[in-house]
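My numbering applies: residue 671 is where the sequence shown begins, and numbers increase by one.
As structure tokens, the structure follows; a few thoughts come after it.
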Amino acid sequence: MISPSLAAARRVVVKIGSALVVDAETAAPREGWIASVAADVAALRARGTEVVLVSSGAIALARRALGLTRKKLRLEEKQAAAAVGQIRLAGAWQAALAQHGLTAAQLLLTLQDSEDRRRYLNARATLGTLLDLGCVPVINENDTVATAEIRFGDNDRLAARVAEMLHADALVLLSDIDGLYTADPRNDPEARHLPIVERITDEIMAMGGEPPPGYSSGGMRTKLIAARIATGAGCAMAIALGKREHPLQALMKGARCSWFLPAPEGRTARKQWIAGSLAPLGVLRVDAGAAQALRDGRSLLPAGVREVAGSFTRGDPVAVQDEAGAELARGLSAYDAESARQIAGRRSEEIEAILGWRGRDEIIHRDDLVLL
């Protein structure tokens, strides 16, 4: 069986835990290690691979400076530490990436941002634009506004949601262990390393052990939950050893890790959902040129829309019909019904003048559209 390859990936999301970013003795950023990862990112970018970093470490970087050294912190103390530490974390990545001429961009997201449809679309559009502009997004959970107890392990799941959102080819979880074992290798000398996991079964989920000591408390179970999310979206995922310098370069050279194979149906599952499970709330009737563009795999631009019917908001499902009224496709609208009516038949560069704000160039992006 051939395992996935980081070298072949067009878009990669890399999740980095607190224990890798923060020196446990000094509570300062591990600048040398961070610099090595930045060099790896630059090498991937030189190959044409887009890279997104999901980095923990904000709370850990601020605990000592704020005198919050006891193990158990109140929620408001964690939020205060996150507010202080996030500046230090972003600064560390910005400085390291700048050494390679790369521009870092900070985004603070929550799991809710990836689950609410409109917030999901906003986040995806922002991330896509940053990648188009050549930036390296550095994402962390928005701990300062959390309304529930903060858990470091959430960044594993958040990274998987980001990979799903961006249609990434690979998600890499850098860890203090080189992959998944049949049991916790710290306690069981008979534990076997699993280089490839074809499916996330109940048996695989049961292999998640206890969280490791130190700043990181996510543990293997949250990584397996992340694997279920990522592979279900058609994204391969690796759990790889992150403690060494240049961990991504090592992975490129074949360092031992565990690869979780993408579900065969994963890439199309979301589009199957759009096509078969959504009741359209509106109709966009398009001209012959737009209909042919859709058949050619392109997005739906405002210029090709001749009529807008129904009442819908941004992110709602709509049907796309040809001039004869035959349904061609279904998709998620990037505009509400009133805005769509105003820009129908107009060029994308006119959107800002018409609406007073600049949204997406497309009424329906091809990633959100399914031909019928």
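Ideal placement from N, C-alpha and C gives every residue a C-beta, glycine not left out.
Note that the structure is predicted; figures quoted are calculated from it, not measured.
One thing to note: residue 770 has its Cβ within 8 angstroms of the Cβ of residue 712. The C-alpha of residue 721 is placed about 10 angstroms away from the C-alpha of residue 710.
The three-state reading of DSSP puts residue 950 in coil, since its state is none of H, G, I, E or B.
Within the same chain, Cβ atoms closer than 7 angstroms to the Cβ of residue 979 are found at 952 and 953, the five residues on either side in sequence being excluded. If the five residues before and after residue 1013 are omitted, its C-beta is found closer than 6 angstroms to the C-beta atoms of 972, 1021 and 1024, all from its own chain and listed in chain order. Inter-residue distance for residue 1037 and residue 1029 is about 16 angstroms (C-alpha atoms, whole angstroms).
The region 837 to 849 makes contact with the region 901 to 917; the number of CB pairs closer than 8 angstroms reaches 3 or more. The Cβ atoms of residue 975 and residue 988 lie no closer than 8 angstroms to each other. DSSP, read as helix, strand or coil, puts residue 825 in helix. Nearest Cα to residue 766 within the set 1005, 1015, 977 and 806: 806. Residue pairing for residue 776: DSSP places it in a beta bridge opposite 808.
Counting only runs of 4+ residues, the alpha helix (DSSP H) found wholly inside the region 682 to 751 occupies 688 to 691, 701 to 716 and 728 to 732, in chain order. Collapsing the DSSP output to three states places residue 765 in a helix. The DSSP-derived three-state label of residue 851 is strand. Residues 692, 697, 699, 755, 758 and 759 of the same chain have their beta carbon placed closer than 7 angstroms to that of residue 731, with the five preceding and five following residues left out of the count. Spanning the alpha carbons of residue 863 and residue 928 requires a straight line of approximately 8 angstroms.
The criterion of a C-beta distance shorter than 8 angstroms is satisfied by residue 907 and residue 897. Judged by DSSP secondary structure, residue 1001 falls outside any alpha helix (DSSP H) and instead within the beta strand (DSSP E) spanning 997 to 1002.
According to the DSSP assignment, residue 1011 belongs to no beta strand (DSSP E) but to the alpha helix (DSSP H) extending over 1007 to 1013. Assigned with DSSP and collapsed to three states, residue 676 falls in helix. Residue burial is scored here from C-beta neighbours: residue 735 has fewer than 16 other C-beta atoms within 10 angstroms and is therefore classed as exposed. Residue 869 is not a Cβ neighbour of residue 835, given a cutoff of 8 angstroms.
Taking C-beta atoms as the reference points, residue 780 and residue 746 fail to come closer than 8 angstroms.
For residue 831, the three-state secondary structure derived from DSSP is helix. In the three-state DSSP reduction, residue 993 falls in the coil class, being neither helix nor strand.
Between residue 683 and residue 828, the alpha-carbon positions lie close to 11 angstroms from each other.
Counting the other Cβ atoms within 10 Å of the Cβ of residue 768 gives fewer than 16, which makes it exposed.
Linking residue 858 to residue 877 through their CA atoms gives a straight-line distance of about 12 angstroms.
Buried is the label assigned to residue 842, since at least 16 other Cβ atoms lie within 10 Å of its Cβ. By the criterion of a C-beta distance shorter than 7 angstroms, residue 1035 is surrounded in its chain by 969 and 1004, once the five residues flanking it on both sides are discounted. The straight-line gap separating the alpha-carbon atoms of residue 838 and residue 1042 is approximately 25 angstroms. Between residue 808 and residue 763, the CB-CB gap stays under 8 angstroms. Your pair residue 791 and residue 985 checks out as a contact, with CB atoms roughly 5 angstroms apart and the cut at 8 angstroms. Collapsing the DSSP output to three states places residue 859 in coil. Beyond the five residues adjoining it in sequence on each side, residue 726 comes within less than 7 angstroms, by CB distance, of 686, 687, 688, 691, 810, 822 and 825 in the same chain, given in chain order.
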